Each structure stands twice: as structure tokens, then as C-alpha cells.
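Report on the structure given below.
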Amino acid sequence: MFFSKITGVGHFVPDNVVTNHDLEKIMDTTDAWIQERTGIQERRFYRPHEKGSTAKMAYQASLIAMQRAGVTADDIDAIVFATLSSDYYFPGSGVLLQDMLNMGTKPAIDVRAQCSGFIYALSIADQFIRTGMYKRILVVGSETQNIALDLTTRGRAMGVLFGDGGGAAVLEQHSQAGRGILSTHLHSEGKHADILCIREPGTGNETIVYEGMHEQHDKINPFMDGQFVFKNAVKRMPEAVMEALAHNNLQLSDLDMLLPHQANLRISQMVQRLLNLPDEKIYNNIQKYGNTTAATLPILMSELWEQGRIKEGQLYALTAFGSGFTWASALIRW
Ligand code: COA
1228 MFFSKITGVG HFVPDNVVTN HDLEKIMDTT DAWIQERTGI QERRFYRPHE KGSTAKMAYQ
1288 ASLIAMQRAG VTADDIDAIV FATLSSDYYF PGSGVLLQDM LNMGTKPAID VRAQCSGFIY
1348 ALSIADQFIR TGMYKRILVV GSETQNIALD LTTRGRAMGV LFGDGGGAAV LEQHSQAGRG
1408 ILSTHLHSEG KHADILCIRE PGTGNETIVY EGMHEQHDKI NPFMDGQFVF KNAVKRMPEA
1468 VMEALAHNNL QLSDLDMLLP HQANLRISQM VQRLLNLPDE KIYNNIQKYG NTTAATLPIL
1528 MSELWEQGRI KEGQLYALTA FGSGFTWASA LIRW
């Protein structure tokens, strides 16, 4: 029997810090509104924008993850790359990272599951390792979101929430049952696809890019019914954690740390309350980075790693919810 475990994690965020006060200067918002509703104090924007920034952040994060795992790109068999902000319309950013890492002809798989993307990617990588097809996979979440945001008063409801960043994990084969990735559970509910989306460019029209497209504000900018997303997020994330624990015959009291997707500090706090977890068993960093979508979970893990708070034998739950809707959980015995 084969199992998988994370042997190294890394992250990269751009140097450019954008505070709530910076946003006050370009839209009708306040630091108080943003902090009260979301907990966010600042985020990072990859600006001035560079071509290929999603893959570039993934590359930097991957180098750190591989160094911590004690491997090089030559040791990696495949990449699974989660993003909603790929550098090209096609191909996905996975192959761009594959080229940056000089990985010859090894495969790169792109995952589009938005905020749940990292857990979806982890699950896919875990299955490849369990079947014995691959021994070592780079699992990545990276996002450049600033250029897709409407950073005017018109787009303020979403513009203040998101940030840029990348994270990566090296997932390796091992044979010790009960250690590493214990399980992953994935869900989606496509009937809510239009609740949180950017509709264009897409193939929903006769041409991908058409005359007058840039005037279609509601289609080319992110759209979200924030309160509906909020209600579903606080229902689905605890559900997914409980599903993971039940599947492994474990209790909430067995959990050492919950890492929730960083959508909004209020969402994380409600999830914590619903699961009745003490403060020391949950880790949030949305205050510093905003919502970095597929990158939030590897960034959380990488920060914990740097703080020496990832400990052998401890039980970690990851959970995420986002556009699609998609939601997921992963249970890890480190
Ligand atoms: N600054 C100041 N005011 C703002 C604002 C901003 N950035 N964004 C919206 N507002 C205003 C609205 O225009 C509205 O004004 P009105 O009452 O005069 O119409 C008021 O604030 C309330 O807006 P509303 O959208 O009802 O706020 P909310 O309490 O639902 O909070 C979110 C908005 C987005 C913070 C909240 O719904 C949320 O976090 N949802 C989940 C988002 C999420 O996680 N998305 C990613 C999924 S992974």
C-alpha cells in the first residue's frame, strides 16, 4: 500500500503591500469598514504587473518547498497547479512552471476549483501517489488577482477582499498507514456557478473577445452575492471537516489545528465557533494577505512551518469553500 505525505511547503508573496488606507485613496471605502466586515488590514499586489506573475510566484514558492523537502526539480514526477488566474487563457500556468523548473517532459495538470483549488490539487496528487503512478508531486496554488479587480467604488465589494500570492507543497510517497494525507473529500454544486464568477472572456458568446466587451462591467469584473457566499461557506466548511473526521473515526477533540481557507476572518471565526475549537487550534493570516484564493492554504502551512508549529504526529484539517460552488477538506497526520 502506498500513501502520500507533505515533506516541504513554501510560499511567496509580492513585496508590494497595499493597506486599507491605500484603498481609501482610490475608492469610497474605509479601513474601519474593511476590518470590521473582513478582518483584512492589508494585502499584496503584484504591481507593477509582470507577464507570467502567477507562474513566477509559484516558481518562488516551489523552490522553497523543494528546498525544505530536500529535493530538486529532478526528483519531482509531476505538477498539479491550482489557480483561477492563469497567465494565459490557455495553456494553464502548470506548464509555465514546468518550463521554469526545467522539468523536461514531465506532466503538469491544471486545476480550476477556485478557492478549493489547493485541496482539489492535493487530492488529485494523493490519488496518483496512492496508485503508485508517481512518487513525488509538486502541488501548487498561485494567484494574481489585482489586475482582475475593479479597484473603484463600483467594484469595492470585491476589490477590497483579494490579494496576490503563491504557495507550494511537495507530496511524497511513503508506506506508513495512518500518517500523511489520511483523506480528502471534495464537493461541488454547479447550480451556484453564477453567484461568484467572472463571466468573460469565455465561450458563452459567439467570440471570446467581442466589440463592446469592455463596457460589460457585470461580465468582465468579478461578481459575487457576498451574503449568500458567506452563508454557504460557514455551512459547508464545518460539514467537510466533520465528514473528514467521521471517515477516519476521529473526533473534533483529536484535531490539533484547523487551517480554513482565508475568505474572510468573520467566516473563519464562525467556522471555529460552530466546531467549538479554542483559539490555539485555528490559524488565520487573512489580516496580512486578504483572500489569495487557491494560495491561502499552502501559505498558511508554510507560515506554520516557519514558526515551527508543524509537528510530527499532529493532526491538521484543511478546509475550503469558494466559487463553483466548490468545497473540500483534507485531513493530515503530519
Ligand atoms: N467599503 C465600504 N462600503 C462597502 C464596501 C466597501 N469595500 N463594499 C460594500 N459596501 C457597502 C455596500 O454598498 C452596502 O451599502 P448599502 O447598505 O448602502 O447598500 C453595505 O456596505 C453593506 O454591503 P453588504 O454587501 O451587504 O455587506 P456584507 O455585510 O454582506 O459584507 C462581504 C460584504 C463581502 C464582506 C461579505 O458578504 C462576505 O465576506 N461574503 C463572503 C465573501 C467571500 O468569502 N468571498 C470569497 C469566497 S471564497
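Numbering of the sequence shown is given in the working numbering, commencing with residue 1228 and proceeding in unit increments.
Where is the CB? At the ideal position from N, CA and C, for every residue including glycine.
As the structure is a prediction and not an experimental result, all values here were calculated from the model.
> Can you tell me where the beta strand (DSSP E) with Trp-1554 in it begins and where it stops?
Replying inline: 1553 to 1560
> On the premise that Leu-1542 lies in contact with Asp-1483, defined as a C-beta separation below 8 Å, what is that separation, rounded to the nearest angstrom?
Replying inline: 5 Å
> If we count the other Cβ atoms within 10 Å of its Cβ and call it buried at 16 or more, is Glu-1399 buried or exposed?
Replying inline: buried
> What separation, rounded to the nearest whole angstrom, lies between the Cα atoms of Gly-1405 and Ser-1231?
Replying inline: 10 Å
> What beta strand (DSSP E) runs, 3 residues minimum, are completely inside the stretch 1242 to 1319?
Replying inline: 1244 to 1246, 1269 to 1271 and 1305 to 1309
>> So, under 8 Å CB-CB, Trp-1554 and Ala-1473 are touching, yes? Tell me the CB distance rounded to an integer number of Å.
In response: About 16 Å; that fails the 8 Å criterion.
> Which one of Ala-1375, Gly-1331, Gly-1393 and Pro-1318 has the shortest CA to CA distance from Gly-1386?
Replying inline: Ala-1375
>> If you reduce the DSSP assignment to three classes, tell me which class Gly-1368 lands in.
In response: strand
>> So within the stretch 1430 to 1517, which uninterrupted beta strand (DSSP E) runs reach at least 3 residues, ignoring any that extend past its ends?
In response: 1484 to 1487
> On the premise that Ser-1350 lies in contact with Thr-1411, defined as a C-beta separation below 8 Å, what is that separation, rounded to the nearest angstrom?
Replying inline: 4 Å
>> Assuming Phe-1548 is part of the beta strand (DSSP E), what are its boundary residues?
In response: 1542 to 1549
>> One question on the structure: do Ala-1547 and Glu-1370 come within less than 8 Å of each other, judged by their Cβ atoms?
In response: no
> Out of curiosity, what's the CA-to-CA distance linking Tyr-1516 and Arg-1271?
Replying inline: 6 Å
>> Does Gly-1417 come out as helix, strand or coil in the three-state DSSP assignment?
In response: helix
>> Considering just the uninterrupted stretch of the beta strand (DSSP E) at Gln-1400, what are its terminal residues?
In response: 1392 to 1401
> How many Å lie between Ile-1336 and Ser-1289 at the Cα?
Replying inline: 15 Å
> If you run the structure through DSSP and keep just helix, strand and coil, what is Val-1236?
Replying inline: strand
>> Taking 7 Å as the cut-off, is the C-beta of Arg-1560 nearer than that to any heavy atom in the ligand COA?
In response: no
>> Rounding to the nearest angstrom, what Cα-Cα distance links His-1414 and Glu-1470 in this structure?
In response: 11 Å
> Thinking C-alpha only, which one of Gly-1549, Pro-1318, Gly-1382 and Met-1327 is nearest Met-1254?
Replying inline: Gly-1382
>> Closest to His-1488 by C-alpha separation, out of Val-1461, Ser-1320, Leu-1504 and Arg-1500, would be which residue?
In response: Val-1461
> Does the Cβ-Cβ distance between Leu-1324 and Val-1367 come in under 8 Å?
Replying inline: yes
>> Considering only heavy atoms of the ligand COA, does any lie closer than 7 Å to the CB of Ala-1285?
In response: no
> Sorry if obvious, but does the Cβ on Ile-1494 come closer than 7 Å to a heavy atom of the ligand COA?
Replying inline: yes
>> For Arg-1339, which residues in the same chain have their Cβ closer than 7 Å to its Cβ, ignoring the five residues on either side in sequence?
In response: Leu-1311
> Measuring CA to CA, which of Asp-1353, Glu-1539, Val-1498 and Val-1298 is closest to Val-1307?
Replying inline: Asp-1353
> Grouping DSSP H, G and I as helix and E and B as strand, with all else coil, what is Leu-1524?
Replying inline: helix
> DSSP puts Cys-1424 in a beta bridge; with which residues?
Replying inline: Phe-1450
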